[in-house]
Structures are given as structure tokens and as C-alpha cells.
Amino acid sequence: MKMMRKILTGVGILLMLSIAQADEAVYTIQVDGLSCPFCAYGIEKQLSAIDGVDSVVVDISKGLVNVTMQQDRLFNKKQAQQAVTDAGFTLRSFKQIKE
0 MKMMRKILTG VGILLMLSIA QADEAVYTIQ VDGLSCPFCA YGIEKQLSAI
50 DGVDSVVVDI SKGLVNVTMQ QDRLFNKKQA QQAVTDAGFT LRSFKQIKE
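Residue numbers for the sequence shown follow numbering that gives the first Met the number 0, so the first one is 0 and each next one is one higher.
This is the structure in C-alpha cells:
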């Protein structure tokens, strides 16, 4: 019985997290020059410093960065350009993939 309660609690928490994330906007930016984990760390650090950024996920091999914003927060190309430039890279593209 305790095990079933733990499982149901875990499922409930996951469900609440997915509902909470449903209102978060996700953006993908393509960055030229990403070649190593140190590069990924640099870009992640710059993007994470932007007010409202919830998470940053870097795919080094593809040169892609997914930025998830907190609920009701927006991210624009100017912010992305500045963060990428400050990290020492070149912004190739910027698009919102989830509203």
C-alpha cells in the first residue's frame, strides 16, 4: 500500500510539472562556433543570466541551444544576439518553437 502511494505521488508530481511547463515558451537558437563542453558552458552561463530564463540546453554537435522561459516571460532576438556575442560566438538563427 505504501509503495502504491509513493508511485501515485510521483506520478502526480510529474503531471503537475508538465502542466506548469505547458505555459513556458521555448526558443531555439543556432550558434556558430560551439565545439566543446567549455563552449557550451560559456553560452549557457550568458543565456542563464537573462531575467526569466528557466533552462538552457545545449546540443554541441548541432550547434543548437534551447532556451525555456518562465511562465509569461518572453525572449527576443536582441537578447539572444547579445548573450551569444558576449559568450564569443555568432548567432545564426533564432526562433520560438513553443508558446
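Note that CB positions come from ideal geometry on N, CA and C, so glycine has one too.
If you keep only unbroken alpha helix (DSSP H) runs of at least 4 residues inside the segment 16 to 64, you get 36 to 47. In the DSSP annotation of this structure, Q70 is not part of any beta strand (DSSP E), being labelled neither H nor E. Within the same chain, Cβ atoms closer than 6 Å to the Cβ of V55 are found at E43, L46, S47, V66, the five residues on either side in sequence being excluded.
Under a 10 Å Cβ-count criterion, F93 is classified as buried, with 16 or more other Cβ atoms of the shown protein chains found around its own Cβ. In this structure, the CA atom of G41 is about 10 Å from the CA atom of A82.
Look at the beta carbons and you see the segment 60 to 74 touching the segment 21 to 38: at least three pairs across the two are nearer than 8 Å.
For A82, the enclosing alpha helix (DSSP H) starts and ends at 76 to 85. With a beta-carbon spacing of about 11 Å, G62 and L90 fall beyond the 8 Å limit used to define contacts.
Around the C-beta of F37, fewer than 16 other C-beta atoms lie within 10 Å, and the residue is accordingly described as exposed.
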